[in-house]
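Notes follow once the structure below has been shown.
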Amino acid sequence: MDSGISREDVLDRISTRIIGREVLYLPSVTSTMDVARKAATGGAVEGTVVVADRQTKGRARLGRAWINPPGVLAMSLIVHPEMSKLLRLTMMASLATSRCIERVAGLETSIKWPNDVLIRGKKVSGILTQSALRRQSVRWAIIGIGINVNFDPSAYPEIADTATSLSNELGTTVSQLDVLVCLIEELDELYVGLQKGEALHDDWRNRLETIGKIVRVTSGKRVIDGCAESVDGDGALMVRQLDGSLVQITAGDVTLRT
Ligand code: BTN
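In this text, residue positions in the sequence shown follow our numbering: the first is 1074, and each later residue adds one.
Structure representation (structure tokens):
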């Protein structure tokens, strides 16, 4: 299914301050991350959004592949945050996505640490961030967001049990253009706020399904078992281990344990 998105349609519908200053639409790419990276190193303006209907080599966190059937909204966004704000981009992106889905589709969402957005416990969106540093400053950061808008997860065995889509939840298709416009608006509001020093932590934390649960976190070669007690200001997960010690985890995979 084609998204029906065009650069002109998006630009006509937004009046944001930073996000969406430029929009690049491509029918098919390897990954919007590749296109955004090339644009960022070539000096693309902050707020540039790259959106594609198809990705032949979509990427997920921790070196995994992102399954990208037609009907997935795939976008990457170039920003130039201060170094002190870099780690907060992940929180910002999952909060914006969660708010966007609730606004456009009226569906309740939760966030699985660090940044998967879920509906009724199933993944509807994934987020990947990458950055390039120069000495003590950020040259660019790219936030890649994939939202399952219009497809039937049961047709894809790899994700049939774990994923959902907006159309799957609603029983009707949803305009990908509406979702993209809303996502750009939510990202803009949060990014402008982030630059002014506004906190987004509380709203993000309140949406986290992980807090208070007994978890196993796999972070590189480390496996940490304990209770996910809280998150710090930058979004790191604080896990209380059985021996009483508190571990700060900045990246990894969480599974809930009973
Ligand atoms: C994850 O679930 O681990 C992150 C998935 C991120 C997918 C998006 S789709 C747009 C952008 N392009 C990619 O190749 N990946 C991100």
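Built from N, CA and C at the ideal position, the CB exists for glycine as well.
Whether residue i touches residue j by CB criterion (8 Å)
i	j	result
A1112	A1147	no
V1290	K1185	no
Q1203	I1215	yes
L1263	L1168	yes
L1160	V1122	no
V1320	V1312	yes
G1144	V1222	yes
R1086	V1254	yes
M1164	L1273	yes
R1127	S1101	yes
V1108	A1178	no
T1170	I1218	yes
Ligand 2 heavy atom lying under 7 Å from the CB of residue i
i	result
R1127	Absence of ligand 2 from the depicted structure is noted, with ligand 1 being the only ligands included.
Closer than 7 Å: residue i CB and nearest ligand 1 heavy atom
i	result
W1139	yes
M1165	no
A1117	no
R1132	yes
L1263	no
L1150	no
D1326	no
D1316	no
M1050	Any question about residue 1050 goes unanswered here, given that the chain covers just 1074 to 1331.
I1287	no
I1200	yes
S1171	no
I1218	yes
T1331	no
D1225	no
A1205	no
A1147	yes
D1075	no
S1079	no
D1275	no
D1332	This structure gives no information on residue 1332, because the portion of the chain shown stretches from 1074 to 1331.
S1104	yes
D1189	yes
Residue i burial status per 10 Å Cβ neighbour count (16 or more: buried)
i	result
P1187	buried
A1166	buried
G1199	buried
E1258	buried
I1287	exposed
L1315	exposed
P1230	exposed
A1324	exposed
D1189	buried
V1118	exposed
Per DSSP, cross-strand counterpart(s) of residue i
i	result
R1207	S1210
Y1098	V1124
K1286	Paired residue(s): none; K1286 is not in a bridge.
I1218	M1148, I1200
T1114	DSSP output for T1114 lists no bridge partner at all.
Q1321	M1311
A1233	Per DSSP, none; premise fails for A1233.
S1183	L1191
V1247	V1247 pairs with nothing; no bridge assigned.
G1299	V1288
T1328	R1289
L1281	I1184
CB contact check: residue i to chain B, cutoff 8 Å
i	result
G1194	Checking the listed chains, one finds no chain B in this structure; it contains a single protein chain.
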